[in-house]
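These notes concern the structure reproduced below.
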Amino acid sequence: MYGLIKPILFRQDPELAHHLVLRNLSLLSRSGAGRALIRALCGSPYKDPVKLCGLTFSNRVGLAAGMDKDATAWRGFAEMGFGHVEVGTITPLPQQGNPKPRVFRLLQDDALINRMGFPGAGMEAARRHLSQDRPHGVVLGVNVGKNKQTPLQEAVDDYVAVVDYLSDIADYFTVNVSSPNTPNLRQLQTRGYLEDLLIQVRTRRDANRGSKPLPVFVKLSPDLDVQGLHDALDAAVGAGVDGVIATNTTLDRQGLQSAHRSEAGGMSGRPLGMKAAGFVRSVVDHLDGKLPVIAVGGIISGADATERLNSGAALVQIYTGLVFRGPALVGEIARAAAIARAPL
65 MYGLIKPILF RQDPELAHHL VLRNLSLLSR SGAGRALIRA LCGSPYKDPV KLCGLTFSNR
125 VGLAAGMDKD ATAWRGFAEM GFGHVEVGTI TPLPQQGNPK PRVFRLLQDD ALINRMGFPG
185 AGMEAARRHL SQDRPHGVVL GVNVGKNKQT PLQEAVDDYV AVVDYLSDIA DYFTVNVSSP
245 NTPNLRQLQT RGYLEDLLIQ VRTRRDANRG SKPLPVFVKL SPDLDVQGLH DALDAAVGAG
305 VDGVIATNTT LDRQGLQSAH RSEAGGMSGR PLGMKAAGFV RSVVDHLDGK LPVIAVGGII
365 SGADATERLN SGAALVQIYT GLVFRGPALV GEIARAAAIA RAPL
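Counting in the working numbering, the sequence shown runs from 65 upward without gaps.
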């Protein structure tokens, strides 16, 4: 089915096509018949339960942040068979993001470049969307960022505000300090900023979670050098967070062939795969079992997911692979992941 829809979508502006998908998924997810149609088109969810950080995931594949920024279609994505759905990035206040055009397809590379800049309706709108009837069995993550106008020295207030406001709804939070599209945001990955930020987020989480696990993850950039990566990981361990998501998009353009390869922004998709895979191995090696790792970046096949899991990742997430391969990729990865992580 996606083979019929994809050419139509790819004739549209990438951001417009994205909004069309979100709108239709949102509409379908509002009724039992619509949800049944999504399941019929995408196939039955593949069950491979796994426990991580106090949560039970129905399988090892999740939707990465960025696909459903305002949490308008997350219930529809849940019906596609994802074990978890991560919405956002959610900021405290609404903001427009960067000027358009700001999303580009690299057709020869199976890649995207985006310079969105956290556009969104803010945490109050996200709460309204997330308060709707919840699909059974899906883990809900909330990716958190700061508003563009918030100075770095006050960034912690933005992260804490979103965590405070959505703690009763989210199953986990991801602290996004690695998007390349918000000025100076990646400076928050330096140990001086990061450990204090994560401690304050964790402290607010602890105050709000009650009996919920409500783990906190931090999402890192694949463009960190070795020392920067080690400092960020040591900060995460020192702050007492629950895991690491590796990786975000990259500024690297090595090997790209498509016409839009020189556009500014973060690149995702197949060309990120080798870099992201190496980054995951480095993260796993340095953490040495202290924290679990969720792998994302360049995963466009079951084989890609298997490689990340065999390198030590506990779960995987997809975004650009879904754009280029369609919903069938969810089941393909879930089945491959079950085989890769099956006990001997």
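For each residue, glycine too, the CB sits at the ideal point set by N, CA and C.
Considering only residues of the same chain and omitting the five flanking positions on each side of residue i, which have a CB-CB separation below 6 Å?
i: residue 408; result: Model confidence at residue 408 stands at a pLDDT of 38, short of 50, so the residue's coordinates are unreliable; what they give is reported in the following sentence. Contacts found: none.
i: residue 244; result: 315 and 330
i: residue 333; result: 174, 175, 176 and 384
i: residue 214; result: 222
Which residue from the options puts its Cα closest to that of residue i?
i: residue 275; options: 204, 119 and 229; result: 119
i: residue 190; options: 172, 158, 162 and 123; result: 158
i: residue 70; options: 197, 390, 196 and 395; result: 390
i: residue 286; options: 359, 393, 166 and 307; result: 359
i: residue 107; options: 146, 74, 339 and 137; result: 146
i: residue 298; options: 278, 317 and 263; result: 263
i: residue 134; options: 280, 149, 381 and 121; result: 149
i: residue 155; options: 125, 248, 128 and 229; result: 229
i: residue 320; options: 171, 232, 372 and 367; result: 171
i: residue 405; options: 387, 370 and 151; result: 370
i: residue 137; options: 193, 392 and 271; result: 193
i: residue 364; options: 303, 271, 214 and 125; result: 125
i: residue 166; options: 367, 290, 77 and 304; result: 77
i: residue 79; options: 105, 373, 366 and 169; result: 169
i: residue 398; options: 381, 151 and 388; result: 381
i: residue 130; options: 111, 86, 221 and 292; result: 86
i: residue 195; options: 163, 97 and 234; result: 234
i: residue 386; options: 162, 361, 403 and 373; result: 361
i: residue 95; options: 197, 127, 65 and 161; result: 197
Within 10 angstroms of the Cβ of residue i, are there 16 or more other Cβ atoms? Answer buried if so, exposed if not.
i: residue 239; result: buried
i: residue 354; result: exposed
i: residue 312; result: buried
i: residue 217; result: exposed
i: residue 342; result: exposed
i: residue 177; result: buried
i: residue 123; result: buried
i: residue 188; result: exposed
i: residue 338; result: exposed
i: residue 115; result: exposed
i: residue 226; result: buried
i: residue 29; result: A query on residue 29 cannot be resolved here, the shown segment of the chain reaching from 65 to 408 and no further.
i: residue 82; result: buried
i: residue 249; result: buried
i: residue 84; result: exposed
i: residue 335; result: buried
i: residue 395; result: buried
i: residue 242; result: buried
i: residue 247; result: exposed
i: residue 393; result: buried
i: residue 367; result: exposed
Beta-carbon within less than 8 Å of residue i's beta-carbon, same chain only, minus the 5 sequence neighbours each way: which residues are those?
i: residue 102; result: 89, 92, 93, 140, 143 and 144
i: residue 296; result: 253, 254, 255, 258, 282, 284 and 288
i: residue 357; result: 307, 308, 309, 310, 344, 347, 348, 351, 376, 377 and 378
i: residue 113; result: 120, 121, 122 and 123
i: residue 251; result: 216 and 257
i: residue 269; result: 227, 231, 237, 278 and 280
i: residue 186; result: 154, 155, 156, 157, 158 and 159
i: residue 301; result: 351, 354 and 355
i: residue 164; result: 79
Could you tell me which residues DSSP pairs with residue i in its beta bridges?
i: residue 311; result: Answer is none; residue 311 lacks a bridge partner.
i: residue 168; result: 177
i: residue 360; result: 381
i: residue 154; result: 208
i: residue 136; result: According to DSSP, which records beta bridges pairwise, residue 136 is partnered with nothing at all.
i: residue 332; result: 176
i: residue 120; result: 115
i: residue 281; result: 238 and 307
i: residue 159; result: 184
i: residue 127; result: 149 and 382
i: residue 203; result: 148
At the 8 Å Cβ level, is residue i part of the contact set with chain C, yes or no?
i: residue 310; result: The structure shown contains no chain C; it holds only a single protein chain.
Keeping to the same chain, check which residues put their C-beta closer than 7 Å to that of residue i; ignore five residues upstream and five downstream.
i: residue 223; result: 208, 210, 239, 261 and 265
i: residue 199; result: 139, 142 and 143
i: residue 328; result: 179
Cβ of residue i within 7 Å of any heavy atom in the ligand COA?
i: residue 153; result: With respect to the ligand COA, the structure shown offers nothing to examine, as it has no ligands at all.
Going along the chain, which unbroken runs of the alpha helix (DSSP H) with 4 or more residues stay wholly within the stretch 216-275?
Residue ranges of uninterrupted alpha helix (DSSP H) with 4 or more members, entirely inside the stretch 216-275 and ordered along the chain, are 219-230 and 255-272.
Considering only residues of the stretch 70-104, which uninterrupted alpha helix (DSSP H) runs meet the minimum length of 4 residues and lie entirely inside it, listed in chain order?
78-92
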